[in-house]
Amino acid sequence: MSRSTLDLWVGIFVTIGLGAILFLALKVGNLLTVGNTPGYRLEANFDNIGGLKVRAPVKAAGVVVGRVEDIRLDPKMYVAVVNMRIDQAYTFSKDSIAAINTSGLLGEQYVSVDSGGDTTMLKDGDRIAHTQSAVVIEKLISQFLFDKASAPPAGAKP
Amino acid sequence: MPAGVPGGPRAPYRSPLLPPLDPAAAAVELADVSFAYDARMILKGITMVIPRGKVVAIMGSSGSGKTTILRLIGGQLKPLSGSIRVAGQSVPDLDRDALYELRRKFGMLFQFGALFTDMDVFENIAFPLREHTSLPEELVRDLVLMKLNAVGLRGAAGLMPSELSGGMARRVALARAIALDPMLVMYDEPFAGLDPISLGVVGQLIRRLNQALGITSVIVTHDVYESLKIVDYLYFVSEGRIVAAGTPAEVRASSDPFVRQFIDGEEDGPVPFHYPASSYREALFSDAG
Amino acid sequence: MPADALGMVGNRIRAIGASAIGAIARLGHASRFLIAILVHSPGAFRRLHLTIREIYFAGVLSLVIILVSGLFVGMVLALQGYDVLVRYGSAESLGVLVALSLVREMGPVVAGLLFASRAGSAITAEIGLMKATEQLSAMEMMAVDPLARVVAPRFWGGVISMPLVAALFSTMGVYGGYLVGVRLIGIDAGSFWGQMQSAVDFRQDIVNGIIKSVVFGVAVSLIAVFEGYYSKPTAEGVSSATTRTVVVSSLAILALDFVLTVFMFRGVR
Numbered sequence: 071m072s073r074s075t076l077d078l079w080v081g082i083f084v085t086i087g088l089g090a091i092l093f094l095a096l097k098v099g100n101l102l103t104v105g106n107t108p109g110y111r112l113e114a115n116f117d118n119i120g121g122l123k124v125r126a127p128v129k130a131a132g133v134v135v136g137r138v139e140d141i142r143l144d145p146k147m148y149v150a151v152v153n154m155r156i157d158q159a160y161t162f163s164k165d166s167i168a169a170i171n172t173s174g175l176l177g178e179q180y181v182s183v184d185s186g187g188d189t190t191m192l193k194d195g196d197r198i199a200h201t202q203s204a205v206v207i208e209k210l211i212s213q214f215l216f217d218k219a220s221a222p223p224a225g226a227k228p
Numbered sequence: 606m607p608a609g610v611p612g613g614p615r616a617p618y619r620s621p622l623l624p625p626l627d628p629a630a631a632a633v634e635l636a637d638v639s640f641a642y643d644a645r646m647i648l649k650g651i652t653m654v655i656p657r658g659k660v661v662a663i664m665g666s667s668g669s670g671k672t673t674i675l676r677l678i679g680g681q682l683k684p685l686s687g688s689i690r691v692a693g694q695s696v697p698d699l700d701r702d703a704l705y706e707l708r709r710k711f712g713m714l715f716q717f718g719a720l721f722t723d724m725d726v727f728e729n730i731a732f733p734l735r736e737h738t739s740l741p742e743e744l745v746r747d748l749v750l751m752k753l754n755a756v757g758l759r760g761a762a763g764l765m766p767s768e769l770s771g772g773m774a775r776r777v778a779l780a781r782a783i784a785l786d787p788m789l790v791m792y793d794e795p796f797a798g799l800d801p802i803s804l805g806v807v808g809q810l811i812r813r814l815n816q817a818l819g820i821t822s823v824i825v826t827h828d829v830y831e832s833l834k835i836v837d838y839l840y841f842v843s844e845g846r847i848v849a850a851g852t853p854a855e856v857r858a859s860s861d862p863f864v865r866q867f868i869d870g871e872e873d874g875p876v877p878f879h880y881p882a883s884s885y886r887e888a889l890f891s892d893a894g
Numbered sequence: 011m012p013a014d015a016l017g018m019v020g021n022r023i024r025a026i027g028a029s030a031i032g033a034i035a036r037l038g039h040a041s042r043f044l045i046a047i048l049v050h051s052p053g054a055f056r057r058l059h060l061t062i063r064e065i066y067f068a069g070v071l072s073l074v075i076i077l078v079s080g081l082f083v084g085m086v087l088a089l090q091g092y093d094v095l096v097r098y099g100s101a102e103s104l105g106v107l108v109a110l111s112l113v114r115e116m117g118p119v120v121a122g123l124l125f126a127s128r129a130g131s132a133i134t135a136e137i138g139l140m141k142a143t144e145q146l147s148a149m150e151m152m153a154v155d156p157l158a159r160v161v162a163p164r165f166w167g168g169v170i171s172m173p174l175v176a177a178l179f180s181t182m183g184v185y186g187g188y189l190v191g192v193r194l195i196g197i198d199a200g201s202f203w204g205q206m207q208s209a210v211d212f213r214q215d216i217v218n219g220i221i222k223s224v225v226f227g228v229a230v231s232l233i234a235v236f237e238g239y240y241s242k243p244t245a246e247g248v249s250s251a252t253t254r255t256v257v258v259s260s261l262a263i264l265a266l267d268f269v270l271t272v273f274m275f276r277g278v279r
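Chains A, B and C, in that order, give the protein sequences. Position in the first sequence counted from 1, then plus 70, gives you the working numbering. Position in the second sequence counted from 1, then plus 605, gives you the working numbering. Position in the third sequence counted from 1, then plus 10, gives you the working numbering.
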């Protein structure tokens, strides 16, 4: 095997190997979608974030407009502080509502932002004032039982 | 003088590839060298001198430690005691770099050749030239062809080692051993397994190259006939000791029982026929187990 | 006799202890060997063509078995995965299942095992044979260090080839999963790729998979050259060294995989 043929084959091998890695990164993984698209930061406080995780999507009307970057606990107020990066192209009004929803019945949780009527828009570093915490199943069930128990029953035992 | 080999009988050829050596120093000196492998003593107090420019044979039966002596000279093994000096330098005391420096002045012919099987004949001989010199390719090519011509195999330059016969492989290995014009060439059983014609060829090559290149040759062998034809001096090794030494004439006339057994090929003598065992009668007539 | 039985038990325990100590000593020996190889590596890269040659023999010649195996593994993953997912109505997540299994585990591990048995054993046999025919000795006597000229290029050839081979395996596997999932079974191509893209994270999954394959590459290459270099210079010596390479490499890959997985995928999203 002459040296130039050898070099050719090794070159082909290394190229398709690196190409495979690139394919995996771009087509199979999410390298480009988690890019450095220009964006601005928004903050929101929640009583309970439920199962929200870092890098969960931020959606408005179901369209992904950003990502959750950071989740911390405020040590004084004991609320969850969620930092989000929103795509530069989208702006939301000062009275927007941020809520934590679940995609599907058992899917992963995301932050949904509903813009309001205020003409002033949120800027980089602003905080969304109105938030809705995640639904916690246990609280829902105990609420349901409580309501059921306190409502006048129709022929039910005490 | 074979065609293509430079040099003359008066002024031995000194290769421009090497620095000049002290002409008075003996090539190799071993003084009271002992060596053990695991718990077995292989060499017990070996003392020998190999003068410059001579062909010396180290003879002995298989397993007597002959190859070990070569490895000690080459620095592949360290002795238990005693001193080994090559060109005045104490080999066991050299650090790795100095040892590699010294080895560039050696050539070694391994039993069966030890040619690199992934390269052809030309590449094998060019190997030491390419590794240790920065000569341009045309010069390397010329040197390789010269060496091949000296051993009579210039036409085989393109063959792979697997395509060579035993004798040819041995000759190619010889050409490789002298590629850098060494001062000392060591031959490990160069005659083993060769047909009579190849035997003669290899023997003559060893002698002629020694004269032409002014090198010192050490041959480890048990081939008496060929050795007596070409060497200047012989050492006989048995059970880790030197039991006899002399020129070919002295050896042929020797009355030493070991030398006689060796030369005449007697089956029994100082080297016993029977491997140590219990009494034959006892072994046959005792109960099994 | 009780004394005899005690002696036998004692001998057995002594034998186990001796082989355990022997294994640890061998590990230490191999570590020193690794350092020696690294020290001599600049020589291997100064003569780049040596290393390129070894990448050819280790990587390029393994391509056929890697690509074919990758394809089959991906197809089987899709078949088996579909069978389970469809029971929970999550058949569209097949892409996620196939991709994550391959990129995180199957790619590095299976490709590593295949690489060890094809390239690793070849390297051991080559070096062992060179030792048995005194070629390594000859090189030493010609003042050329066999570590720099024979061992280091083969080591780096293996280390460089392994991640590329693992990536190719995973890629073929994903393609095989696509063939079975979308073309054969009929899952929507959009969901297949879309869900896969959002579930497979570059840093968490792909980079970790690459790190795994690099670690496996170092382990397999080191074991292969070590066994060859220290094999007994006889025919049985070389053959038992070759077998040992495959066995020890495989065990090392699986053990390292466990350790790496614990560190990398602890508490995943």
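Positions of the beta carbon are idealized from the N, C-alpha and C atoms, including for glycine. For clarity, every value in this text was computed on a predicted model and none was experimentally measured.
Could you compute how far the alpha carbon of C:G200 sits from the alpha carbon of C:G105? 10 Å
Rounded distance between the beta-carbons of A:R155 and A:G109, thought under 8 Å: Contact holds; Cβ gap of about 5 Å.
Can you say whether A:Q213 is buried or exposed, counting buried as having 16 or more other CB atoms within 10 angstroms of its CB? exposed
One question on the structure: do A:N118 and A:V151 come within less than 8 Å of each other, judged by their Cβ atoms? no
C-beta neighbour in chain A for C:S231, strict 8 Å: no
B:R781 burial status per 10 Å Cβ neighbour count (16 or more: buried): buried
Beta strand (DSSP E) segment containing C:A245, residue limits: Taken as a continuous stretch (DSSP letters only), C:A245 belongs to no beta strand (DSSP E), being part of the alpha helix (DSSP H) at A245 to M274.
Suppose the cutoff is 8 Å on Cβ atoms and the five residues either side in sequence are ignored; what does the same chain contact list for B:A858 look like? none
Report the rounded CA-to-CA distance for A:L215 versus A:L96, giving the unit in angstroms. 49 Å
For C:T143, return the contacting residues in chain B, with the cut-off set at a CB-CB distance below 9 Å. F715, F717, G718, A719, L720 and T722
Would you call the stretch 768 to 777 of chain B and the stretch 716 to 727 of chain B touching, i.e. three or more CB-CB distances under 8 Å? yes
C-alpha distance - B:I678 paired with C:A153, whole-angstrom precision: Going by the C-alpha atoms only, they are around 14 Å apart.
Quick one: what's A:Q202 bridged to in DSSP? A:A169
Going along the stretch 722 to 748 of chain B in order, which residues come within less than 8 Å of chain C, judged by CB to CB distance? Residues of the stretch 722 to 748 of chain B with a Cβ closer than 8 Å to any Cβ of chain C, in chain order: T722, F732, P733, E736 and H737.
So C:S241 is in the beta strand (DSSP E); what residue range does that whole segment cover? First-last for C:S241: undefined, no H or E at that position.
So what's B:F640 in DSSP terms, helix, strand or just coil? strand
Would a C-beta distance cut-off of 8 Å place B:G670 and B:H827 closer than the cut-off? no
Where the beta strand (DSSP E) containing C:A199 begins and where it ends: Note, C:A199: premise wrong, no beta strand (DSSP E); alpha helix (DSSP H) at A199 to A209.
Verify whether the separation of the beta carbon atoms of C:S259 and C:G130 is less than 8 Å. yes
Take B:V756 and list the residues in its own chain whose beta-carbon comes closer than 8 Å to its own, dropping the five residues that flank it on each side. R776, V777, L779, A780 and L810
Are the CB atoms of C:F226 and C:I263 nearer to each other than 8 Å? yes
How would you list, in chain order, the residues of chain C whose beta-carbon sits under 8 Å from the beta-carbon of A:L122? Those do not exist, as A:L122 stays about 11 Å from chain C at its closest Cβ, beyond 8 Å.
Once the 5 residues before and after C:F236 are set aside, which same chain residues still bring their CB inside 7 Å of it? A40 and F43.
Determine which residues share a DSSP beta bridge with A:Q179 and list them. A:T172
How long is the line joining the alpha carbons of A:V135 and A:P127, rounded to whole angstroms? 8 Å
Per-residue contacts from C:S147 into chain B (C-beta, under 8 Å): Q681, F715 and A719
Between B:D698 and the ligand MN, is there a pair consisting of the residue's CB and a ligand heavy atom that are separated by less than 7 Å? This structure lacks the ligand MN; in fact it carries no ligand of any kind.
Min CB distance C:F125 to chain A below 8 Å: no
Three-way DSSP call (helix, strand, coil) for B:Y838 in this model: In this structure, B:Y838 counts as strand in the three-state DSSP scheme.
Between which two residues does the alpha helix (DSSP H) containing A:E208 stretch? That run of the alpha helix (DSSP H) goes I207 to S220.
With which residues is C:N218 paired in a DSSP beta bridge? For C:N218, which the question treats as bridged, DSSP gives no partner whatsoever.
Quick one: what's got a C-beta closer than 7 Å to A:N153's C-beta in the same chain, skipping five residues either side? R111, E113, E139 and D140
Using the beta-carbon of each residue, which ones in chain A are nearer than 7 Å to C:V70? Result: W79, V80 and F83.
In three-state terms, what does DSSP make of B:F711? strand
Quick one, are the C-beta atoms of B:V633 and B:L789 less than 8 Å apart? Cβ atoms of B:V633 and B:L789: closer than 8 Å.
Check whether the stretch 71 to 78 of chain A and the stretch 157 to 167 of chain C are in contact - that is, three or more C-beta pairs closer than 8 Å. no
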